[in-house]
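Accompanying notes for the structure given below.
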Amino acid sequence: MEKTNVSNKKEVTDKKAFLDLVFSWSLSDVLNNKLYKNQVPRIPETFLNVTSYLKSFVPSLIEETHADLLSNMITELSHAPTCEILTLECSKGHKNPQNLVYDIAYKIDTEAVQKHNGLMYEPQVGDLIALTDVKPKCIDDLNRSPRYYVIAYVNKVPDPEEFPDAHEFQILSSKPIDYGEQDTQKSKRQKHFAVYLVNMTTNLRVWCALNSKEGNTNIIKKVLQPSSHDANSCTTCSPIQSCSPDLSTIWPTISSHKLNYYQEAAVLNFIGLSKCHHQNDVKLIWGPPGTGKTKTVSLSLFALFMLKCRTLTCAPTNIAVLEVAARLRSLVNRSLEFGKYGLGDIVLFGNKKRMKVDDKADLLEVFLDHRIKILIKCLMPLSGWKYLLRSMIRLLEEPDEEYSLYLQKRAQKQKQSPQGNEKKNTKRAEKHKESAQGNEKKNTKRAEKRKESAQGNEKRTKGNNESVKEDDPLTFEEFVKKEFDSIFKPLKICMVNLYTHLPTSCISLKVVKDMDEALGLLKSYKSSMHKISVAKEGLNLVLKDFKVSGSIVGRFIQLGKTCVCKLKLLPQKFGVPKTIDSYSIRIFCLQNACLIFCTASTSAKLPNALPMRPLELLVVDEAAQLKECESAIPLQLSGIRHAILIGDERQLPAMVKSERAKLAEFGRSLFERMTKLGHRKHLLNIQYRMHPSISLFPKMEFYNNQLLDGPNVTERSYQRCFLKGKMYQSYSFINIANGKEEFDHGHSLKNMVEAAVVSEIVARLYKEFIDTKEKVSIGVISPYKAQVHAIQESVKKYSKNCDPQFSVSVRSVDGFQGGEEDVIIISTVRCNVKGSIGFLSNRQRANVALTRARYCLWILGNASTLVNSDSVWKKLVLDAKRRDCFHNADEDNNLAQAIAAALLELDQFHALLSIKSLLFKNARWKVCFTNEFEKSLAKIKDTLVRREVLNLLTKLSSGWRHAHKDKGMIVHDGTSSQLLEKYKVNRLLNLIWTVDILQEKSDYIQVMKVWDIVTSSDIPRLAKSLDIIFGTYTVDKMNRCKHKRIDTCTAVPMRWPVDSSSYHEADPVEFLSKPLSSLSLTDKPESSTSTSG
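Numbering (full-length UniProt numbering), first residue to last: 1 to 1093.
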């Protein structure tokens, strides 16, 4: 198929044109990584006009969409979510086959749903899917003749909460489908499947924004060219001061949060823009890590909330939106004047499934879908507010008439009930009779039983009818109490829901107070009703005779009158749509909200929802993570006068999959481009998160020392020690020299040695927590998904720990942006001689990883690899050495054991058994290994047995020996019997070793030589082969090998000068005083036998 030329493509505005483009790609087009080669020009930094600005992003958008689809097809197809298609037919509203719109019913895979393994496909609007007759394991499965394969777009999906059993969705197909028409017999029809490929929602919304001809371009015009500082501020508006009379009611709340000068100035910037109607403006607020960016934004939004300035707050992700919405909600909660009145001015909206607000009560109260359901229930004409209010007034004013109506309805029901029951009983009897006659021919006993059952049913029915007749009606007093309770409870709920969820423009504070006062009166009335009943005054008499004297009765009568008067003052209607349905209430809530929170992509839903009341301000949080083309969606919303972008371009940018699109600057944010063009940024320059030893390197490397440490982090109390030892102080680089980087099945890197070290550190932190009960939160960061998964598996027993005082979170660098923990452990993964570190070299990625910790930051990595990378990580390692914060992991015995265990799992025996091995680095005895031993160890597949071997070797190298009576004897007459030592590993295997002599410079020293691991039956064979080797030893050497020295129950290696004629001439004490660490590790034993290491 001929590829579409991006530059000359026909310009269109609707999403169908974009879908048609995607549908035009054949499978070979999708798999062609060079489909748009030389067609994706670099996006400029300045623009002549709005049209050229918007069009500049189109080629990159198409390229990125193609790359996203290609990536998913290659890496995700084999385990993509899939569902079986039950029926497929032309959509009812699109009977014309040329429309290519179809309705699909699909089968629910109950097992997949219960396992939550993601394999069951649950359609979402915006999904691009493949309809095929096979569950694909690879791409070839989609294109192998004569297989069926069609690309389609999910156009409509029923709301699962409204239609939980509607397992169906509507698609727009790329070509006509004749599925199911080939064979009318369903049992013979071949199975077909819908396979998820990619979600295109955001890209479609961006496409529409870039092709819009009716959008608001006032803000975009301000960002086309470099900054003109003279035009940045409005010359008409006076600068807003905190002492301004307009802020007298809100500034005390804001100032109580102890903002610094720069944070306070940022808040005043927000307020100043809200009052400016003379020009359009874009402000940049630069918030480096830990500078209180979210606090500043939430307080600014709180000020806008109090000033009733209609503001849209966007962010690139749901997580970022929820974070700022939760902070604002918390501030508002503490300032509400009356109950939850005022929350109706705040709306959070988006995809409920992705936002996961069900377990966040505060956010659920402002979530749009939740609000719509509550308001619909409150406003229903036959059961909502109006109905309940009228019912309560009628009951209080005319209890006699209500009671009479109750008696009439009851009498009518009783009259109808016997007739209805008689008909039902007759039908039942007939059915039982027919059943009995039919079964009598087959089984006489069964027929008799059913006949008896039918007779029993008739008797029970008669008995029930008699009991109904015998039921007495409620007395007047019982009726009034029951009816009052049945109205009061839902009326109370309805009142609270109305003033919680209706915007303040539709319900005044006076009405809310009247509602509350009415509720208080009704509660008193209910209580008095019971008191009168207890006093046996007779509710009937009291309610009918208003002239009865007496203190209790008189007050009760007056209370009833007061209740009625107060209820009649309440409005029966509010300024809500006449049509009470989901769509109308949605529009109503969005039109009247003061603050709206959603992702930048979701803001595309707003234009149709806001035809009457335009928004005024746009606030974009995490703006440096938002692609500039995506910010074009909210920037073009009607009415937006000013935009405030908050972010840090020196942290992670937006994700872009296509390398071609990256080179074209498709991932660049508007925040970053404006910074490059010289637009002024308001810097929040005091960080309150990191201990000074942690912040020192990032401040210097990424922020040119523009950041200051806050007073809280410089206090002595901020220095916390979670583990003992210099290695675990506030800041350290822990060198892991023996790691190994490797690819997993998903083409991502991992380093299991680093994962083992992380696991060991977390285990020790948990043990320390158990001992001290000191709260600690731990974050583990790695740039690679495979490493994240490996570490998650190794620490899952701690991350699932039910104690809220101890938490472990393992995420990628991207997943940790915006997060912080008490202790951060970074696993850099890379370990190679070339110094190749891939995207780890990205400075923005490094900045995020290094600025998440509060009290302790421990960086794990291979120092040699990082230094050779000539990247920011080289600077970090050298800086750590200069500051004496550099440590080798094997300096810690526990970490050394963890590394050894990991190397054992990875079959890295050479590194493990080297004479320089960390296992024997601090041992009394040097240990040498033969090739035969390494081969035998490699044959042992049981990891536990391998560990037993290493544990035994570690003990022996430390000088531990069996007592003489416990030694295993080797029965052999050869020379080797004088030297061989046999130690059991388990009941099957034995470790065979001897003491040997190694020349080290001017000394002979005793060393351990490990020959093999063998079964008992193989020992004679090994001993015979060793006889030959030991037969070459001189008498002097044999004597040196057999010489033993015990120092406080520990075997100590001997040492003699080379020039001594006999070992007897040496002074053992003198030579033992020399530390083994002073010896070179390169010399080999005198024996010619091959050794490892």
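Quick reminder that beta carbons are idealized off the backbone N, C-alpha and C, glycines included.
In the DSSP assignment, no residue is bridged to C629. I1029: not part of any beta strand (DSSP E); member of the alpha helix (DSSP H) spanning 1019-1030, first to last residue.
Residue range 943-957 is occupied by the alpha helix (DSSP H) that includes T954, with no beta strand (DSSP E) assigned at that position. Rounded to the nearest whole angstrom, the C-alpha separation of I778 and G819 is 11 angstroms.
Segment contact: the segment 564-579 against the segment 507-514, three or more CB-CB distances shorter than 8 angstroms; contact assigned. The C-beta of S695 has 16 or more other C-beta atoms within 10 Å across all chains shown, which makes the residue buried. Membership of R371 in the alpha helix (DSSP H) is indicated by the continuous run 368-379.
L595 has T311, I346 as its beta-bridge partners, per DSSP. For V813, the closest alpha carbon among the candidates M655, K16, L307, H642 is that of M655. Counting the other Cβ atoms within 10 Å of the Cβ of Y262 gives 16 or more, which makes it buried.
Residue pairing by DSSP puts N888 in a beta bridge opposite N735. Taking the CA atoms as reference points, N143 sits about 9 angstroms from S28. Excluding its 5 nearest sequence neighbours in each direction, E741 has C-beta neighbours in its own chain below 8 angstroms: L749, K750, N751, V829, R830, C831, N832, listed in chain order. Contact between the segment 207-217 and the segment 53-69 is established, with three or more Cβ pairs separated by less than 8 angstroms.
Exposed is the label assigned to I1028, since fewer than 16 other Cβ atoms lie within 10 Å of its Cβ. A distance below 8 angstroms between beta-carbons, with the five flanking residues on each side excluded, links K681 to the following residues of its chain, in chain order: L284, I285, W286, T675.
Taking the Cα of N893 as reference, the smallest distance to any Cα among R764, L850, K775 is reached at R764.
Of the candidates I171, P81, F743, V780, V780 places its Cα closest to the Cα of V757. Straight-line measurement puts the Cα of A737 at about 12 angstroms from the Cα of L912. Cα atoms of L259 and T253: separation of roughly 11 angstroms, rounded to the nearest angstrom. Assignment of P136 by DSSP, reduced to helix, strand and coil, places it in the coil class. Under the Cβ criterion (8 angstroms, minimum of three pairs), the segment 836-853 counts as touching the segment 866-876. Bounds of the alpha helix (DSSP H) holding H66 are 58-75.
Here DSSP, grouped into helix, strand and coil, assigns E45 to coil.
Annotated as distal: T772 and R924, with beta-carbon spacing of 9 angstroms or more. Put simply, of M1054, L375, L521 the residue whose alpha carbon is nearest the alpha carbon of C1041 is M1054.
Ranked by Cα distance from E402, the first of E478, F1030, S528, V297 is E478. With a contact defined as Cβ atoms closer than 8 angstroms, Y148 and A194 miss out at about 12 angstroms. Counted as a single uninterrupted DSSP element, the stretch harbouring C856 is not any alpha helix (DSSP H) but the beta strand (DSSP E) occupying residues 853-861. In the displayed model, F588 falls within a helix according to three-state DSSP. Residue environment for K222: buried (at least 16 other C-beta atoms within 10 angstroms of its C-beta).
For C928, there is no enclosing alpha helix (DSSP H); the enclosing beta strand (DSSP E) has its first and last residue at 927-929. Per DSSP, reduced to three states, the secondary structure at N893 is helical.
By the Cβ neighbour-count rule, N49 is exposed, with fewer than 16 other Cβ atoms within 10 Å of its own.
If only complete runs of 3 or more residues are kept, the segment 808-884 shows the beta strand (DSSP E) at 821-827, 853-861, in order along the chain.
Within a 10 Å sphere around the beta-carbon of F163 sit fewer than 16 other beta-carbons, which makes this residue exposed.
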